[in-house]
Amino acid sequence: MSIISVNLPRTQPAIPIVDKLHQWVITVDHKRLGLMYIFYALSFLVFGGIEATIMRIQLIRPHNDFVSPQVFNQMFTMHGTTMIFFAAMPLVFGFANYLVPLMIGARDMAFPRLNAFSFWLTALGGILLYFSVIGGYGLYGAGNAPDVGWFAYAPLTARTFSPGHSTDFWTLSLLVSGFGSIGTAINIIATVLCMRCPGMTLGRMPLLVWLNLTMAGLVILAVSPLTAAQIMLLVDRYLGGHFFDTQAGGSAVVWMHFFWVFGHPEVYVLVIPAFAFVSEIIPVFSRKAIFGYPVMVAATVAIGFISVSVWAHHMFTVGMTSFGNTFFVLSTMAIAVPTGIKIFNWLATMWGGKIHFRAPMLFCLAFLFQFLTAGLTGIMLSSAPFNWQLSNSYFVVAHFHYVIVGAILFALFGAFYYWFPKASGRMYSERLAKLHFWLFIIGFHLTFDFMHVPGILGMPRRIYTYEPGRGWDAWNLIVTIGVLFQAAGILAFVGNLLWSYFQGKTAGSDPWDAWTLEWSTHSPPPEYNFETVPVVKSRRPLWDIKHPEDPDWKYE
Amino acid sequence: MSTLSTAISHLLHRPSSPTDIFAPVSTPAKSIFDLSLFVLGITGGIFVIVAALLAYSAIRFRKRKSDNGGEPAQVYGSLQVELAWTLTPVLISVVLFLATARVIFQTQHPTPPPGAIEVTVIGHQFWWEYRYPGLKVVTANELHVPVSDPAHPTPTFLNLYSADTDHSWWVPRLAGKTDLIPNHPNSMWIDPHETGLYLGQCAQYCGTQHAKMLLRVYVQSPEDFASWVQEQRQTAQTAPSDGTASEGRKIFESVACINCHTVAGTPANGRFGPDLTHLMSRETIASGVALNTRENLRRWIENPNTLKPGCLMPSMGLNNQQLDAVTAYLVSLR
Numbered sequence: 001m002s003i004i005s006v007n008l009p010r011t012q013p014a015i016p017i018v019d020k021l022h023q024w025v026i027t028v029d030h031k032r033l034g035l036m037y038i039f040y041a042l043s044f045l046v047f048g049g050i051e052a053t054i055m056r057i058q059l060i061r062p063h064n065d066f067v068s069p070q071v072f073n074q075m076f077t078m079h080g081t082t083m084i085f086f087a088a089m090p091l092v093f094g095f096a097n098y099l100v101p102l103m104i105g106a107r108d109m110a111f112p113r114l115n116a117f118s119f120w121l122t123a124l125g126g127i128l129l130y131f132s133v134i135g136g137y138g139l140y141g142a143g144n145a146p147d148v149g150w151f152a153y154a155p156l157t158a159r160t161f162s163p164g165h166s167t168d169f170w171t172l173s174l175l176v177s178g179f180g181s182i183g184t185a186i187n188i189i190a191t192v193l194c195m196r197c198p199g200m201t202l203g204r205m206p207l208l209v210w211l212n213l214t215m216a217g218l219v220i221l222a223v224s225p226l227t228a229a230q231i232m233l234l235v236d237r238y239l240g241g242h243f244f245d246t247q248a249g250g251s252a253v254v255w256m257h258f259f260w261v262f263g264h265p266e267v268y269v270l271v272i273p274a275f276a277f278v279s280e281i282i283p284v285f286s287r288k289a290i291f292g293y294p295v296m297v298a299a300t301v302a303i304g305f306i307s308v309s310v311w312a313h314h315m316f317t318v319g320m321t322s323f324g325n326t327f328f329v330l331s332t333m334a335i336a337v338p339t340g341i342k343i344f345n346w347l348a349t350m351w352g353g354k355i356h357f358r359a360p361m362l363f364c365l366a367f368l369f370q371f372l373t374a375g376l377t378g379i380m381l382s383s384a385p386f387n388w389q390l391s392n393s394y395f396v397v398a399h400f401h402y403v404i405v406g407a408i409l410f411a412l413f414g415a416f417y418y419w420f421p422k423a424s425g426r427m428y429s430e431r432l433a434k435l436h437f438w439l440f441i442i443g444f445h446l447t448f449d450f451m452h453v454p455g456i457l458g459m460p461r462r463i464y465t466y467e468p469g470r471g472w473d474a475w476n477l478i479v480t481i482g483v484l485f486q487a488a489g490i491l492a493f494v495g496n497l498l499w500s501y502f503q504g505k506t507a508g509s510d511p512w513d514a515w516t517l518e519w520s521t522h523s524p525p526p527e528y529n530f531e532t533v534p535v536v537k538s539r540r541p542l543w544d545i546k547h548p549e550d551p552d553w554k555y556e
Numbered sequence: 557m558s559t560l561s562t563a564i565s566h567l568l569h570r571p572s573s574p575t576d577i578f579a580p581v582s583t584p585a586k587s588i589f590d591l592s593l594f595v596l597g598i599t600g601g602i603f604v605i606v607a608a609l610l611a612y613s614a615i616r617f618r619k620r621k622s623d624n625g626g627e628p629a630q631v632y633g634s635l636q637v638e639l640a641w642t643l644t645p646v647l648i649s650v651v652l653f654l655a656t657a658r659v660i661f662q663t664q665h666p667t668p669p670p671g672a673i674e675v676t677v678i679g680h681q682f683w684w685e686y687r688y689p690g691l692k693v694v695t696a697n698e699l700h701v702p703v704s705d706p707a708h709p710t711p712t713f714l715n716l717y718s719a720d721t722d723h724s725w726w727v728p729r730l731a732g733k734t735d736l737i738p739n740h741p742n743s744m745w746i747d748p749h750e751t752g753l754y755l756g757q758c759a760q761y762c763g764t765q766h767a768k769m770l771l772r773v774y775v776q777s778p779e780d781f782a783s784w785v786q787e788q789r790q791t792a793q794t795a796p797s798d799g800t801a802s803e804g805r806k807i808f809e810s811v812a813c814i815n816c817h818t819v820a821g822t823p824a825n826g827r828f829g830p831d832l833t834h835l836m837s838r839e840t841i842a843s844g845v846a847l848n849t850r851e852n853l854r855r856w857i858e859n860p861n862t863l864k865p866g867c868l869m870p871s872m873g874l875n876n877q878q879l880d881a882v883t884a885y886l887v888s889l890r
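Chains A and B, in that order, are what the protein sequence lines are.
Letter by letter, the first sequence follows residues 1 to 556 in the numbering used here.
Letter by letter, the second sequence follows residues 557 to 890 in the numbering used here.
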């Protein structure tokens with residue numbers, strides 16, 4: 001249903017393609033920037049996927065020689081860096097950019113120019129990283145891209161061990177995109193705090209907005225130390241500093257602390273927006289209000305706070321004291337409590353509802369099962385002694401891919417299908433979306449379920465080849481086969497987006513009969529978002545309009 | 557469906573893997589194994605219950621064909637229910653935390669008993685140096701330790717150092733891993749209860765050949781260990797009887813080999829590469845990459861990059877005759 005009845009002129013005079021592109025380049029519109037973040041991130045998702053595929057082909061059997069050790073090491077470094085910094089983060093920021101102003105009834109972000117600046121910094125970062133392929137050489141002299149691993153432990157990054165410029169490209173790309181991330185985080189916080197429409201108190205914000213606010217706070221806390229560490233590394237490499245230069249008395253462990261003080265909150269920077277999508281999609285497709293809204297907000301903020309105190313659970317094997325280890329076991333296990341609360345609240349939201357199994361909901365259901373599993377393997381890893389065995393093994397690789405692919409990427413796919421009609425004005429193909437879902441879920445489970453096993457059988461990560469006779473061969477073969485299904489799923493996804501954009505049915509402003517403000521404006525929304533400033537009285541303003549006899553504000 | 561079931565089925569019919577963390581033969585690995593069963597049991601239980609609830613609600617509350625199109629009853633929350641599913645995870649976390657803390661304090665840094673052996677482990681790109689300060693033995697890549705009888709324990713304490721980048725010492729059946737970090741000495745211990753060969757490999761990315769920095773631990777009876785120590789303490793033959801070998805020794809000592817390698821009792825005293833005094837007492841070369849045969853040794857000397865691309869030992873550009881001679885010399889180092 002459409003609430004606004006003003007008809008906009010839908011046909012505009014034809015604009016030359018160059019001018020069109022120019023408009024995208026100079027835009028400060030949050031929706032265009034959001035979409036640019038997403039297109040940019042999707043292309044890096046494909047690059048990162050190609051790198052992963054190269055690694056999986058190399059590991060399909062022991063003593064394979066598909067690529068050299070140097071190339072393999074570059075592949076896992078580029079894959080990790082690309083996926084975290086140039087696929088996952090821009091995707092999350094893109095959705096936040098697009099949705100937060102719309103959901104709080106604002107015209108744009110608080111600082112539109114800062115928003116554009118942040119995007120272009122992030123874009124420059126990704127380009128710098130890939131420029132390393134022609135601009136710098138690595139450890140062994142022959143390579144090009146960085147090969148120090150995505151967490152680039154000192155002193156491997158010192159000039160002694162990493163001559164040439166490949167590590168510099170890695171450092172500079174994260175430094176530049178880090179400033180972009182901080183800019184976006186400041187922007188989201190300012191937007192949420194200052195730009196809400198009349199009536200939208202903090203307690204009436206959609207959960208997605210609350211979760212993105214928490215995410216933005218975490219970005220500032222997490223990315224700042226990483227940025228500081230990159231500057232220190234540059235000082236070491238070019239100005240004779242000794243922060244991490246162990247040959248001159250520096251400390252390798254200090255780099256680990258800096259990196260993981262960033263690295264663990266970073267997981268929550270990525271997964272909290274995934275929670276946000278699920279918290280919007282599950283209620284709409286179960287036809288029920290979210291269960292326990294205040295508890296969900298409290299659990300999110302609690303996760304935000306606890307997540308900055310758990311970083312050294314990545315460092316159980318570096319030889320901390322028993323008390324140090326015990327503290328990080330405790331803080332890590334504590335985070336399971338608010339996380340569990342979230343899962344139970346989503347479950348309770350579905351309970352007693354009428355669940356519509358459309359593509360966004362299917363991805364969210366898969367998210368629930370996979371996030372549950374990822375959380376439980378996380379508890380195993382948080383038990384420090386068990387971690388002494390599992391750390392740096394393929395079990396860890398499987399665990400965090402369960403989080404990043406099984407939870408975050410699945411939620412993102414759900415979000416793509418859910419908001420595609422809003423952003424494009426067209427409906428996606430449900431049939432292709434379900435094909436995508438089934439291919440991807442089969443591929444995901446083939447790859448990442450079976451990847452746990454070689455870890456338990458003692459296979460460390462980051463090895464370009466392995467010895468026969470360790471009992472790892474069959475598992476690695478299955479893991480590689482799963483990649484085929486995942487790649488086919490991604491093809492169905494991209495095909496669906498393209499086909500639906502040109503051929504899809506017109507979606508209308510509110511195809512899901514949903515309840516938040518973005519569905520009250522046109523699809524795609526005009527540049528100014530809302531013709532009149534919306535006024536809300538509850539968490540579900542559109543429910544109130546659709547059910548005047550029984551509005552939400554009576555109960556909140 | 558997923559991780560837990562694979563892990564459990566794996567426990568039931570254990571495949572033959574020499575690096576299985578669930579086949580412990582040493583106290584640290586055993587106490588981790590016991591703890592991990594406990595953790596697996598609890599997390600497995602949680603998985604079954606929550607996944608069943610999720611599946612039930614997805615099926616039970618699906619939109620039916622006969623649906624009248626109206627909205628279901630709107631429920632906004634319940635404090636009692638929230639409290640229940642907050643307190644239960646809190647209790648479970650406390651139990652898991654206590655069980656974990658106990659094993660941490662049991663396993664880390666115990667006081668060495670009188671019969672303990674101390675070994676200094678130094679990680680290098682991409683090989684392991686082992687020094688037994690009490691026994692005056694220096695070797696590389698193949699660690700020999702005595703079996704430890706629980707009644708009269710003779711555990712081995714490893715003091716871990718790194719000469720360059722980060723490494724990690726991981727032999728899954730003996731203990732969890734501990735990192736070797738420059739400027740950050742670490743320690744760990746093992747007390748293998750059964751003799752045999754235990755495998756592992758470096759578990760912290762350390763550079764190009766991280767994958768071929770393999771670990772071999774030979775657990776020997778006290779007698780075998782004592783005679784191994786006896787052998788290792790002798791210096792090398794100073795005058796090889798074979799003509800080719802003595803020619804090889806001249807070449808060895810006149811090209812750069814001796815800058816990096818030590819052969820005790822000769823001018824070769826380099827510390828950058830493995831000690832070669834008793835090279836032929838080892839079963840493998842290049843940190844476990846190849847069997848220690850005359851052919852492999854010759855290939856290795858000719859161009860180490862063919863066996864281990866990216867390793868730090870350079871090819872000396874020797875001709876065939878020189879290669880034969882140097883190989884003959886090395887083969888004489890017993």
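Backbone N, C-alpha and C define an ideal beta-carbon position, used for all residues, glycine too.
In this structure Ala-41 of chain A does not touch Pro-101 of chain A by the C-beta definition: roughly 19 angstroms separates them, more than the 8 angstroms allowed. Take Trp-255 of chain A, set aside five residues on each side of it, and the residues of its chain with a beta-carbon closer than 7 angstroms to its own are Tyr-153, Ala-154, Ala-229, Phe-244, in chain order.
Closest in alpha carbon position to Val-403 of chain A, among A:Ile-272, A:Arg-196, A:Lys-537, is A:Ile-272.
When the beta-carbon positions are compared, Ala-348 of chain A and Gly-263 of chain A stay at least 8 angstroms from each other. Looking from the CA of Thr-676 of chain B, the closest CA among B:Gln-757, B:Thr-656, B:Leu-753, B:Val-701 belongs to B:Val-701. The segment 391-402 of chain A makes no contact with the segment 344-361 of chain A; the number of CB pairs closer than 8 angstroms stays below 3. Phe-357 of chain A sits away from Arg-620 of chain B, with the two beta carbons spaced by 8 angstroms or more. Approximately 6 angstroms separates the beta-carbon atoms of Arg-462 of chain A and Gly-149 of chain A; this is inside 8 angstroms, confirming the contact.
Nearest to Ser-572 of chain B by alpha-carbon distance, out of A:Tyr-238, A:Gln-389, A:Leu-457, is A:Leu-457. If you draw a 10 Å sphere on the C-beta of Ala-276 of chain A, you find 16 or more other C-beta atoms in it, and that means buried.
Residue range 698-702 is occupied by the beta strand (DSSP E) that includes His-700 of chain B. For secondary structure counted as the alpha helix (DSSP H) over 4 or more consecutive residues, the segment 615-684 of chain B holds these complete runs in sequence order: 635-663. Under DSSP, the beta-bridge partners assigned to Phe-713 of chain B are B:Glu-674, B:Trp-745.
Put simply, the segment 439-453 of chain A does not touch the segment 299-310 of chain A. Fewer than three CB pairs are less than 8 angstroms apart. Under the 8 angstroms Cβ criterion, the segment 50-65 of chain A counts as touching the segment 473-481 of chain A, having at least three qualifying pairs.
The beta carbon of Pro-668 of chain B sits closer than 8 angstroms to the beta carbons of Glu-674, Pro-711, Phe-713, Trp-745 from its chain, once the five residues preceding and following it are set aside; these are given in chain order. Taking 8 angstroms as the cut-off, the Cβ atoms of Asn-815 of chain B and Gly-804 of chain B do not count as close.
The beta carbon of Trp-519 of chain A sits closer than 8 angstroms to the beta carbons of Lys-422, Ser-509, Asp-510, Trp-512, Leu-542 from its chain, once the five residues preceding and following it are set aside; these are given in chain order.
Shown here, Gln-776 of chain B sits in a strand according to DSSP, grouped into three states. Counting only residues of its own chain and dropping the five nearest sequence neighbours on each side, His-749 of chain B has a CB closer than 6 angstroms to the CB of Val-581. For Phe-169 of chain A, the closest Cβ of chain B is not nearer than 8 angstroms.
For Asn-861 of chain B, the secondary structure class from DSSP, reduced to helix, strand or coil, is helix. Within 10 angstroms of the beta-carbon of Asn-875 of chain B lie fewer than 16 other beta-carbons, which makes it exposed. Excluding sequence positions up to five before and after Trp-475 of chain A, its CB lies within less than 7 angstroms of the CB of Phe-450, Val-453, Pro-454, all in the same chain and listed in chain order.
With a threshold of 8 angstroms between beta carbons, Pro-865 of chain B makes contact with chain A.
Contact check for Met-109 of chain A and Asn-212 of chain A: beta-carbon distance about 12 angstroms, past the 8 angstroms limit, so the pair fails to qualify.
Under the DSSP definition of a beta bridge, Val-479 of chain A lacks any partner.
At a cut-off of 8 angstroms between beta carbons, Ala-336 of chain A contacts chain B. Listed by position along chain B, the residues whose Cβ is nearer than 7 angstroms to that of Lys-288 of chain A are Pro-628, Gln-630, Val-631.
Exposed is the label assigned to Gln-503 of chain A, since fewer than 16 other Cβ atoms lie within 10 Å of its Cβ.
By the neighbour-count criterion, in which 16 or more other beta carbons inside 10 Å mark a residue as buried, Glu-787 of chain B falls on the exposed side. A contact between stretches requires three or more CB pairs, one per stretch, nearer than 8 angstroms, and the segment 824-838 of chain B meets this requirement with the segment 881-890 of chain B. Assignment of Arg-687 of chain B by DSSP, reduced to helix, strand and coil, places it in the strand class. The beta carbon of Lys-586 of chain B sits no closer than 8 angstroms to any beta carbon of chain A.
Residue contact with chain A for Arg-618 of chain B: present (Cβ-Cβ distance below 8 angstroms to some residue of chain A). Thr-160 of chain A sits away from Lys-733 of chain B, with the two beta carbons spaced by 8 angstroms or more.
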